[in-house]
Amino acid sequence: MRSVCWKLHLFPLAIFAAIACVCICGCSRKGPMFPLDNPTPRADVHSYANPAEWKATRVFLDLDVDFNRKVIRGTALLDLDRGPGSPAPAVVLDTRALKIEKAEWSADSAAGKWNVAKFSVGASDPILGAPLRVEIPPEARAVRIAYESSPGAVALQWLEPAQTTGKKQPFLFSQSQAIQARSWIPLQDSPGIRVTYGAKIRVPGQLRAVMSANTNPFAEDAGGIMLDASTREFHFEQPKPIPSYLIALAVGDLVFANLDPRGGKEGRTGVYAEPSVLPAASKEFTDTEKMVEAVEARFGPYRWGRYDLLVLPPSFPFGGMENPCLTFATPTVIAGDKSLVSLVAHELAHSWSGNLVTNATWRDFWLNEGFTTYIERRILEDIYGKERADMEAVLGYRTLLDELNRLPEKDEILYVDLKGRDPDDGFTEVPYEKGALFLRTLESVVGREKFDHFLRAYFEENAFQSITTQDFLEKLETALFRPDPALESKVPVLQWITQPGVPEGAAIPKSALLDHAAAAAESFAEGKSSASSISFKTWSTQEQLYFLRSLPKSLDAAKMAALDEAFGLTRSGNAEVVAEWLLMAVRNRYAPANPRLERFLVEVGRRKFIKPLYEELVKTPEGRERAAAIYAKARPGYHPMAVATVDGILNPAGK
Ligand SMILES: [Zn+2]
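Counting from 554, one number per residue, gives the positions in the sequence shown under the working numbering.
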């Protein structure tokens, strides 16, 4: 009885609720169409900074680069804005293993009046580093910190001359993403906080410094100013507000070549490299200016002044890093035939997605990488045709499926929860390839013209801002889904963003050329065709890679030898192809490739290549032994981030 009563009692309410629901869903739905269950989407769990109270707006660095002690030493000056109504007794900065020597504050730094400030460095967390708390009065408008980095600073790699291509001069480069800037600069190290920056950098007289700033290689002081017989000073200015992970420095024996068909001073694209690498680099990257123009035509102007590339020594742990005005790139993309320049397209695309419109927190990282991977393929299509772009998309999709097989479900999510974890844990194929596939699916449903229009407006409206996934979803709703309610049933937006796996209806890429390569692999594996009958050598790198990846995991010694003999795989100069082949060689214990494997692992520090090779090696006891022997030689030449990765493979849990 009671339950009947209860139902009767609530009946009018139920009718009211039903009417309200019809009204909300059918006519004027209130609230966001794609709500994320996160009350504080802007809170950055990977920074100690207190930007609501004090927010840095500009950083000025005055630094000496000391190759002997492997430290950077000097001052960082931060201009500050005080939050409205904040009591704000202190500004909190991020640091990691920095030696803080002094802190000062100023109400008028331009007048050069500085006051000593009390400061304290908190306990160090293995992921976040340590907070630096500088006590300042309400009238403060700047702080200046005197400090020194530690020789083990995780952002910095100091190379001995022997580890460079020229073998004569040392080399230094930084890698600040994701949260490593704090290991060489005390600052508010969050992608949600944007600063302009300037710098005075002093280096040994025979070296050249470059930064992610708008420097003109044709300016009179482009080669620096000699202060005395042994010290050269370089000046930099980045007038556009950028997140801290884009502050970058490299110092070495660097020379410059123009890449712009308009000629040096009139142009905007060029390349820096060690002298012996420059000729091959400038030949490989001749399409750079064309690529800039292709993105501009679709998604709006390039807003950063110059676009130059810097080719780093082979120990650079990444393919590329989109440092503004100056992409840092691995030399492993120089294949001699432009077959790996998708990397340039990718880093260039970041000048829009990532550098111009930035993920507000590392949870929103897919906004950087998914958009960039999508735009990268649009650039390739514009410059090299649809077949090339389709092949890259299929290769990417295949990598995504492999990654999804490997990852726990919680990491298959675009809006991945990284609280209490290293943001580097989120650097999987998911933000890149699943993010790109989501955008590709939106494009296929909405139509290219409309989607391009949406993206162009997205970059225009959010230029020089850091945004959250929720912000993006609201823009998607307003610009595309509200005007066309039928879209909601075609693209399960929230499922894409918050659920594991690939939703149904995804615009899966296809390539006839790659289907052909896969068929050739199958025929060879089944013994129906010989290696010499396959036209592998005339194929594109993408077809070659797909062929190798389509072979069965296990191949007998005769088949491995036949492939090597017909295609010259162990000798290949193409880093992508040789890395794939070496992986097969380890898996199938193909001994003739052993010397090449060792040379490759010692010379190259790019994590994308070395990580799977070490992972495959440690699967057997003898492989583990070989991995340890090779790593003993290779480790001194790896970047600290690559060292951390390989240490984790060879000694899991620090055993
Ligand atoms: Zn990227």
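For every residue, glycine included, the Cβ atom is placed at its ideal position computed from N, Cα and C. Just so it is clear, the structure is predicted and the values come from calculations on it, not from any experiment.
Note down, in chain order, each residue of its chain lying with its Cβ closer than 7 Å to the Cβ of residue i, except the 5 sequence neighbours on either side.
i, result
"GLU713", "PRO723"
"GLU1169", "LEU1136, VAL1139, ARG1140"
"ALA898", "MET844, GLU929, ILE932, LEU933"
"GLY776", "ARG761"
"GLU945", "SER895, ARG930, LEU933, GLN1095"
"LYS818", "PHE771"
Thinking C-alpha only, which one of the options is nearest residue i?
i, options, result
"TRP905", "VAL999, THR885, GLY1000, ALA1016", "ALA1016"
"LEU901", "THR925, ASP917, GLU982", "THR925"
"ALA1180", "PHE1153, ASP840, GLU701", "PHE1153"
"GLY853", "ARG1009, LEU920, ASP890", "ARG1009"
"GLU827", "ARG821, SER835, GLY820", "SER835"
"ILE680", "SER783, ARG974, ALA833, LEU812", "ARG974"
"LEU1098", "TRP1134, SER1076, GLY1126", "TRP1134"
"VAL598", "LYS972, GLY745, LEU960, ALA734", "LYS972"
"VAL748", "ASN908, LEU1101, LEU893", "ASN908"
"PHE838", "SER1083, GLY816, LYS891, THR914", "LYS891"
"PRO1062", "SER997, LEU1040, ARG1001, GLN1048", "SER997"
"LEU1066", "TRP658, ARG941, LEU812", "ARG941"
"TYR927", "VAL824, LEU879, ALA1060", "ALA1060"
"GLU692", "SER639, THR981, ALA596", "SER639"
"THR648", "GLN741, GLY627, GLU688", "GLN741"
"TRP658", "THR784, PRO832, ASP634, ASP943", "ASP634"
"GLY1158", "SER736, SER1083, THR883", "THR883"
"TYR968", "LEU953, GLY923, LYS939", "GLY923"
"VAL644", "SER600, LEU616, LYS652, PRO594", "SER600"
"ASP806", "GLY719, LEU1166, THR1091", "GLY719"
Return the chain-ordered list of same chain residues with a C-beta closer than 6 Å to the C-beta of residue i, the five sequence neighbours on each side being excluded.
i, result
"CYS574", "Only weak support exists for where CYS574 lies, its pLDDT of 40 falling under 50; the value from the coordinates is given anyway. Excluding positions up to five away in sequence, the list is empty."
"LEU614", "ALA629, ALA752"
"LEU1026", "PHE587"
"ALA1084", "ALA1115, LEU1116, ALA1119"
"TRP1049", "PHE991, PRO1056"
Just the Cα atoms here: how many angstroms apart are residue i and residue j?
i, j, result
"MET1113", "ALA1074", "13 Å"
"SER1103", "VAL1171", "23 Å"
"ALA1071", "PHE881", "34 Å"
"VAL864", "THR717", "11 Å"
"ALA602", "PRO814", "45 Å"
"TYR1184", "PRO704", "21 Å"
"VAL1199", "GLU701", "28 Å"
"ALA782", "VAL1196", "36 Å"
"VAL830", "GLU1013", "37 Å"
"LEU960", "GLY979", "11 Å"
"GLU965", "ALA1128", "28 Å"
"ALA1115", "PHE1089", "13 Å"
"ALA734", "GLY1190", "21 Å"
"ARG803", "PHE869", "What sits at residue 803 in the sequence shown is Ala, not Arg. Spanning the two alpha carbons is a distance of roughly 11 Å."
"VAL999", "PRO744", "31 Å"
"GLY1121", "LEU948", "22 Å"
"PRO1045", "PRO1056", "7 Å"
"LEU879", "ASN767", "8 Å"
"GLU1151", "ARG1160", "15 Å"
"PHE726", "LYS623", "12 Å"
"TRP915", "LYS1081", "49 Å"
"THR1173", "GLY758", "49 Å"
Is there a C-beta anywhere in chain B that falls below 8 Å from the one on residue i?
i, result
"THR885", "The structure shown contains no chain B, having only a single protein chain."
Within 10 angstroms of its Cβ, does residue i collect 16 or more other Cβ (buried), or is it exposed?
i, result
"LEU709", "buried"
"THR994", "buried"
"SER765", "buried"
"MET779", "exposed"
"GLY682", "buried"
"PRO604", "buried"
"GLN791", "buried"
"ASP943", "buried"
"ASN958", "exposed"
CB-CB under 8 Å to residue i, same chain, minus the five flanking residues each way: which ones, in chain order?
i, result
"TRP857", "ASN767, LYS793, PRO877, CYS878, SER904, ASN908"
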